[in-house]
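Reading through the structure tokens given below for one structure.
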Amino acid sequence: APILNYIKLPFRTKQISARLFPESSDPMAIFAAPPSKEVDDAWSKVSRNMIFGLTRQDLLRLGKDPATAVKYSPDWNISNGEERYLGVLDAFHQVHCLNMLRQNLIINYDYYWGKVFGFRPEAFRERHLSHCTSILLQNIMCHADLGVVTHVWREGNPVPWPDFGINRQCRDFGALMDFR
């Protein structure tokens, strides 16, 4: 992962906070709390993109074509004179996607649960959704995917377009499903 050339990223043992009703002293409790400005601020803090400059070699190691990748603008002020390309850590993109799901959970409610609960969710269901969102956030943060989202120019689009086609070394999830 190119980012490891720029920062030391230590591992640490951490227990995932999995309580359905977390203690208010738990620093992760905010991510399982009902919507509020404080909750939105906390999500904003952990989902803000981390943009950094990739070298040509970084880009090639990621399996990306420098001819189509967006070059870093000198105005962004992170280059040491070497040509750089736009990169974003996928861990932050994944947290952003989870936040979008959290904010839009209601869109499928009628189909899946509306008739069951008379279109008014039971308290346990609400806590269960908050718990699941919190668990996923903690796992995304724990594993902190160091894959890099590069960017390309698209015809007719005035801003760089993210290339989410990240090359990854993946566990065989099918083998896990077969094992169970």
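Numbering of the sequence shown is given in our numbering, commencing with residue 148 and proceeding in unit increments.
From the three backbone atoms N, C-alpha and C, an ideal C-beta is built for every residue, glycine too.
The model shown is predicted, which means the values in this text are computed figures rather than measured ones.
Beta-carbon proximity list for residue i, same chain, < 7 Å, skipping 5 on both sides
i: GLU230; result: ARG203, LYS218
Spatially closest choice to residue i from the options, by CA coordinates
i: ILE282; options: PRO181, ILE163, VAL263, LEU156; result: ILE163
i: ILE154; options: GLY210, LYS192, MET197; result: MET197
i: ASP187; options: CYS279, SER171, VAL242, GLU170; result: VAL242
i: ASP212; options: GLY312, GLY303, CYS317, ALA270; result: GLY312
i: LEU201; options: ARG195, SER183, SER191, SER220; result: SER220
i: VAL235; options: ARG159, PRO307, THR280; result: PRO307
Per DSSP, the bridge partner or partners of residue i
i: VAL235; result: ILE198, VAL296
i: ALA176; result: Answer by DSSP bridge pairing: none, since ALA176 is not bridged.
i: ALA216; result: VAL299
Cβ neighbours of residue i in the same chain (closer than 6 Å, five flanking residues each side left out)
i: ALA238; result: ALA291, ASP292
i: VAL193; result: VAL242
i: ALA216; result: LEU206, TYR232, THR297
i: ILE287; result: GLN241, VAL242
Cut-off 8 Å between Cβ atoms - residues of its own chain near residue i, not counting five sequence neighbours on either side
i: ARG208; result: PRO149
i: ILE177; result: GLU185, VAL186, ALA189
i: LEU151; result: LEU293
Cβ-heavy atom distance, residue i to the ligand COA, below 6 Å
i: PHE264; result: Looking at this structure, you won't find the ligand COA or any other ligand, since it has none at all.
* **beta strand (DSSP E) segments (min. 3 residues) lying fully within the region 273-324** => 295-299, 308-310
* Counting pairs of beta carbons, one from the region 256-266 and one from the region 293-300, are three or more of them closer than 8 Å? -> no
* Ordered list of alpha helix (DSSP H) runs contained in the region 241-265, each at least 4 residues -> none
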